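J.: Just so you know, the sequences run in chain order E and Y. Under the numbering used here, the first residue of the first sequence carries the number 9, and numbering increases by one thereafter. Under the numbering used here, the first residue of the second sequence carries the number 6, and numbering increases by one thereafter. All residues carry an ideal CB built from backbone N, CA and C; glycine is no exception. Everything numeric in this text was worked out from a predicted model, so none of it was measured. Mind looking over this structure? Questions follow.
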Amino acid sequence: MNARASVTGAWLASAAMTMFFSALFSALVIRRGLGGDWGSGVVLPAAIWVSTGLVLLSSALAAWDRWRWAALASAAFIASQMAAWNSVGSALASGPAVAFFYLLTGAHLVHVAGGMAALGLRAARGAVRVYWHSLTLLWMVILCLLWWTTS
Amino acid sequence: MLSRVFSTDHKVIGKQYLYLALFSVFVGMLLSVVMRIHLVYPDAKIRLFEVLWPTGAAGGIMTPELYLSVMTMHGTLMVFFVLTTAPQGGFGNYFLPLQIGAHDMAFPRLNALSFWTTFLALMILLAAFFVPGGAPLGGWTAYPPLSAVGEIAGPGQGSGMDMWILSIAVFSIASVMSSINFLATVIELRGKGMTLGRMPLTCWGWFVTAMISLLAFAVLLAAGLLLLMDRWGGTSFFLPAGLVVNDRVLNHRGGSPVLWQHLFWFFGHPEVYIAILPGMGLISTVLSVNARKPVFGYRAMVGAMLAIAGFGFLVWGHHMFISGMSPYSSIAFSVLTMTVGVPSAIKTFNWLGTLWGGQLRLNTAMLFALGFVSLFVAGGITGIFLGQPALDLYLHDTYFVVGHFHLIMGVAAVFGIFTGIYYWFPKMYGRMMNERLGKIHFYVTFVGVFAIFVPMHLAGIVGNPRRYPDFKEFEFLADLLRMHKFISHSSFTVAAVQLVFLFNFFWSMWRGAVAAKNPWEAGTLEWTGE
């Protein structure tokens, strides 16, 4: 397995991941347009902004090849997401806004964990970096959607 | 031993995919025979049914629910575990590296992981037969609301449906991993001088299929996740308010079953091309080798494949004309659907151009390749009918659609698989398959599939609904029973002749004539190496 192929593979994986999230995003847009039951939804927890800071920090550290620190920032990101889930508190079934909140953050979290696993398994750094930055970009889209759909 | 089973060698993995598909196609075919028996002899007490399904076929007579679950499993096995695995995972894994001069696929371990994940998905799907309530009965499209509400919608919609969704989700992950591998291999591992423009059309077929598969299966995975959340988490993505199922009012609100249809068919239509494109690539090569002429219009062939893949992502709405979508959207989807006819026609005429003036060798592989073209045209023509919203409103839930998609997607792609097996067998096993048995297999299958699926179009025009377990109660269908018997008996014949193929396949593996190094005098690289 050569390093160039790994980087190409990471780009391709990011494309598939983007399609996966695009499907969820379009589901959100369509679901929100249906009926009037979206309601006041959830209040965007403050921890989300901490998460956003950590995601950006982690990407920056990855860009500078500080992988241990990048992994640490990602671990802190996961912790901040747990805090965000705690402060939302509502049940998954209580409404569409809540459901999408858990869905998008949860799906993103799983992908972050996947990136950390790839790092732990000593995948080529160039490949991990591509994947890492893609996740950061996706997070920014998720953030915009959550901002738009919560109060 | 273990290292041979869990091999990372692309040839071993290719064969593993092929065997998985062969197993699935025989299970799927037997299920179709079971359906055809029940459709025309609904009152016959069949001991075998009772043995197989003690509750679903107590006394040897199937319940309508069992019929639907047999239909669901037939469709799911065939679409996912046969048409998606054999042409791409099977032949692609084996021959792509050989044809572009690479040692192996780009990520051999990921390749093995893809196969075993697919294997796991198959096991999960087959387990659905054995869970309480039995196999799911929502069809291969698993439309909500009934697929999202659980057991109250029917016996198989409980655990059986859970197994179905899990299986498809696992299969989607496997397909995405496999596509990453195919794409990276073509992009990064081509040998010196093997430019994209010199790749054999087989490789183009696998390359373009991998592009589609990468993007489409990611969407199916997302859809499956939402469906599972509706079932397990109590969310309402696909479930509207005020739903009453089997006299129970459900506590969901605000969702839309049509959202599932959009997500599913955004995957589902490209899936058709995932099944057929590798076959198109392969038969281009086989026609050219056996006409002893180069492929006519190579660049147009590549362009047509890319165009088919591109348009394939824009036409999903033609599966949903009866969902209540706006007529304006219908027209847009209809026009785009017709447009797919252009690259399809380019391919067909280029195949004819390849044959024109050639010195044809009519061996079994060539016959199946010619059969592919015939089926592709016959099935494609009826696609023009179904692409018209006004006609589709009438034909959509009839046997016309069953005839159409079986010819173009099912049987044409299966003919591609047979072409591949007869053509590459000498390379894969070092021996030739028996030509006489091969020709018997071809002629009976070829005539047989037309005998099965052409009458279905007629039944559809009469208004014969599909997915009905029998037609006893419908006076207007009484006259069609004789035709349905003809269809059923043709299907038994076609199923029986597959045993000839199976015998030929295994017998030739050990007893076939030893093959020359390049028995078809082909020009691609797989015949030059050791």
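1. Hey, does V181 (chain Y) have any beta-carbon neighbour from chain E nearer than 8 Å?
2. Got a sec: which bits of the segment 184-198 of chain Y sit with their beta carbon under 9 Å from any beta carbon on chain E, in order along the chain?
3. From what residue to what residue does the alpha helix (DSSP H) around I178 (chain Y) run?
4. Taking C-beta to C-beta, are A383 (chain Y) and I351 (chain Y) nearer than 8 Å?
5. So with Cβ pairs under 8 Å, would you call F109 (chain E) a contact of chain Y?
6. Classify R436 (chain Y) as helix, strand or coil using the three-state DSSP reduction.
7. I'd like to know whether the C-beta atoms of S58 (chain E) and W147 (chain E) end up nearer to each other than 8 Å.
8. Have a look at K298 (chain Y) and V449 (chain Y) and give me their C-alpha separation to the nearest angstrom.
9. Identify which residue in Y:G392, Y:R471, Y:M461 and Y:Q503 has its Cα closest to the Cα of K490 (chain Y).
10. Who are the neighbours of A23 (chain E) on chain Y, taking C-beta pairs under 8 Å?
11. From E:T157, E:C152, E:V136 and E:V149, pick the residue whose C-alpha is nearest to that of A13 (chain E); which is it?
12. Taking all protein chains shown into account, decide if C152 (chain E) is buried (16 or more other Cβ within 10 angstroms of its Cβ) or exposed.
13. When you compare each of Y:G239, Y:F381, Y:P141 and Y:D252 to Y278 (chain Y) by their alpha carbons, which one comes out closest?
14. Check whether the Cβ atoms of G161 (chain Y) and P141 (chain Y) sit closer than 8 Å, and answer yes or no.
15. Can you name the start and end residues of the alpha helix (DSSP H) that G229 (chain Y) belongs to?
16. Is the Cβ of F28 (chain E) closer than 8 Å to any Cβ of chain Y?
17. Kindly identify the DSSP beta-bridge partner or partners of P470 (chain Y).
18. By DSSP, does R258 (chain Y) sit in helix, in strand, or in coil?
19. Contact criterion: CB-CB distance below 8 Å. Does M234 (chain Y) meet it with respect to chain E?
20. Would H15 (chain Y) and P113 (chain Y) be called neighbours here (beta carbons separated by less than 8 Å)?
21. Anyone know if the C-beta pair for P332 (chain Y) and P394 (chain Y) falls short of 8 Å?
22. Report the CB separation of V502 (chain Y) from I445 (chain Y) in whole angstroms; it is logged as a contact under 8 Å.
23. Are N116 (chain Y) and I42 (chain Y) touching if we call contact CB-CB under 8 Å?
24. Relative to chain E, which residues along the segment 241-270 of chain Y have a C-beta separation below 8 Å, given in chain order?
25. Check each candidate in Y:F243, Y:P150 and Y:V378 and name the one with the smallest Cα separation from N251 (chain Y).
26. Of all the options Y:M433, Y:F458 and Y:H494, which has the alpha carbon lying nearest to the alpha carbon of W515 (chain Y)?
27. Answer yes or no: do M25 (chain E) and S142 (chain E) have a C-beta to C-beta separation smaller than 8 Å?
28. Under DSSP, the alpha helix (DSSP H) around H323 (chain Y) begins and ends at which residues?
29. Which class does V87 (chain Y) belong to by DSSP, given the choice of helix, strand or coil?
30. Kindly list, in the order they appear in chain E, the residues whose Cβ is closer than 9 Å to that of F112 (chain Y).
31. Can you tell me where the alpha helix (DSSP H) with G315 (chain Y) in it begins and where it stops?
32. Give a yes or no on whether 8 Å exceeds the smallest Cβ distance from R39 (chain E) to chain Y.
33. Check whether the Cβ of L485 (chain Y) lies closer than 8 Å to any Cβ atom in chain E.
34. Could you give the distance in angstroms between the alpha-carbon of A68 (chain E) and the alpha-carbon of C208 (chain Y)?
35. Checking the sheet assignment: what are the DSSP bridge partners for V136 (chain E)?
36. Just to confirm before moving on: does the CB-CB distance between W169 (chain Y) and A147 (chain Y) stay below 8 Å?
T.: Here's the rundown:
1. Residue mapping note: residue 181 (chain Y) aligns to position 176 of the second sequence, counting from 1. Closer than 8 Å: yes.
2. S184, I185, N186, L188, A189, T190, I192, E193 and L194
3. In the second sequence, counting from the first residue as 1, residue 178 (chain Y) sits at position 173. Its alpha helix (DSSP H) spans residues S164 to E193.
4. In the second sequence, the residue the question calls residue 383 (chain Y) occupies position 378. In the second sequence, the residue the question calls residue 351 (chain Y) occupies position 346. No, they are not a contact pair.
5. The residue given as residue 109 (chain E) occupies position 101 in the first sequence. Judged by the 8 Å Cβ criterion, F109 (chain E) is not in contact with chain Y.
6. Start at 1 with the first residue of the second sequence, and residue 436 (chain Y) comes out as number 431. Here R436 (chain Y) sits in strand by DSSP.
7. Taking the first sequence and counting its residues from 1, one reaches residue 58 (chain E) at position 50. Taking the first sequence and counting its residues from 1, one reaches residue 147 (chain E) at position 139. Before going further, note that residue 58 (chain E) is Val rather than Ser in the sequence given. For V58 (chain E) and W147 (chain E), no; Cβs fall outside 8 Å.
8. Translated into the one-based positions of the second sequence, residue 298 (chain Y) becomes position 293. Translated into the one-based positions of the second sequence, residue 449 (chain Y) becomes position 444. Distance between the alpha carbons of K298 (chain Y) and V449 (chain Y) is about 29 Å.
9. Translated into positions along the second sequence, residue 490 (chain Y) becomes position 485. Closest by alpha carbon: Y:M461.
10. As a first step, residue 23 (chain E) must be located in the first sequence, where it is residue number 15. Result: L219 and L220.
11. Residue mapping note: residue 13 (chain E) aligns to position 5 of the first sequence, counting from 1. It is E:V136 whose Cα lies nearest to the Cα of A13 (chain E).
12. Here residue 152 (chain E) is taken as the residue at index 144 of the first sequence, counted from 1. So C152 (chain E) ends up on the exposed side.
13. Counting from one through the second sequence, the residue named residue 278 (chain Y) turns up at place 273. For Y278 (chain Y), the nearest C-alpha among the options comes from Y:F381.
14. For the purposes of this step, residue 161 (chain Y) is taken as the residue at position 156 of the second sequence. For the purposes of this step, residue 141 (chain Y) is taken as the residue at position 136 of the second sequence. A contact, by the Cβ cut-off of 8 Å.
15. Reading the second sequence from its first residue, position 224 is the one you call residue 229 (chain Y). Note, G229 (chain Y): alpha helix (DSSP H), L206 to L233.
16. Within the first sequence, residue 28 (chain E) is the residue found at index 20, counting from 1. Output row for F28 (chain E): interface = yes.
17. Residue 470 (chain Y) sits at position 465 when you count from the first residue of the second sequence. DSSP lists Y:T403 as partners of P470 (chain Y).
18. Indexing the second sequence from 1 puts residue 258 (chain Y) at position 253. R258 (chain Y) falls in the coil class under three-state DSSP.
19. If you number the second sequence from 1, residue 234 (chain Y) lands on position 229. Yes, because at least one Cβ of chain E sits closer than 8 Å to the Cβ of M234 (chain Y).
20. Looking up residue 15 (chain Y) in the second sequence gives position 10. Looking up residue 113 (chain Y) in the second sequence gives position 108. Taking 8 Å as the Cβ cut-off, H15 (chain Y) and P113 (chain Y) qualify as a contacting pair.
21. For this step, residue 332 (chain Y) is matched to residue 327 along the second sequence. For this step, residue 394 (chain Y) is matched to residue 389 along the second sequence. Contact: yes.
22. If you number the second sequence from 1, residue 502 (chain Y) lands on position 497. If you number the second sequence from 1, residue 445 (chain Y) lands on position 440. With a Cβ gap of about 7 Å, V502 (chain Y) and I445 (chain Y) count as contacting.
23. Along the second sequence, one-based indexing puts residue 116 (chain Y) at 111. Along the second sequence, one-based indexing puts residue 42 (chain Y) at 37. Against a cut-off of 8 Å, the Cβ pair of I42 (chain Y) and N116 (chain Y) comes out as no contact.
24. S241, F242, A246, R258, G259, G260, S261, L264, H267 and L268
25. On the second sequence, position 246 is the one that residue 251 (chain Y) refers to. Out of Y:F243, Y:P150 and Y:V378, Y:P150 has the C-alpha closest to the C-alpha of N251 (chain Y).
26. By 1-based counting over the second sequence, the position of residue 515 (chain Y) is 510. Looking at the Cα atoms, Y:M433 is the closest of the given residues.
27. Position 17 of the first sequence, counted from the first residue, corresponds to residue 25 (chain E). Position 134 of the first sequence, counted from the first residue, corresponds to residue 142 (chain E). In this structure, S142 (chain E) lies closer than 8 Å to M25 (chain E) by Cβ.
28. Here residue 323 (chain Y) corresponds to residue number 318 of the second sequence, with the count starting at 1. Looking at the DSSP string, H323 (chain Y) is not in any alpha helix (DSSP H), and its letter there is neither H nor E.
29. The residue you call residue 87 (chain Y) lines up with position 82 of the second sequence. Note: V87 (chain Y) maps to helix in three-state DSSP.
30. Within the second sequence, residue 112 (chain Y) is the residue found at index 107, counting from 1. Near F112 (chain Y) (Cβ distances below 9 Å), the residues of chain E are M9, A13, S14 and G17.
31. As a position in the second sequence, residue 315 (chain Y) is number 310, starting the count at 1. Element bounds for G315 (chain Y): Y303 to G317.
32. Here residue 39 (chain E) corresponds to residue number 31 of the first sequence, with the count starting at 1. Interface residue, yes.
33. The sequence position of residue 485 (chain Y) within the second sequence is 480, counting from 1. No, because no Cβ of chain E sits closer than 8 Å to the Cβ of L485 (chain Y).
34. The sequence position of residue 68 (chain E) within the first sequence is 60, counting from 1. The sequence position of residue 208 (chain Y) within the second sequence is 203, counting from 1. Cα to Cα, the separation comes out at about 39 Å.
35. Start at 1 with the first residue of the first sequence, and residue 136 (chain E) comes out as number 128. None, per the DSSP bridge assignment.
36. As a working mapping, residue 169 (chain Y) is identified with position 164 in the second sequence. As a working mapping, residue 147 (chain Y) is identified with position 142 in the second sequence. Yes; because the gap between Cβ atoms is below 8 Å, this pair is in contact.
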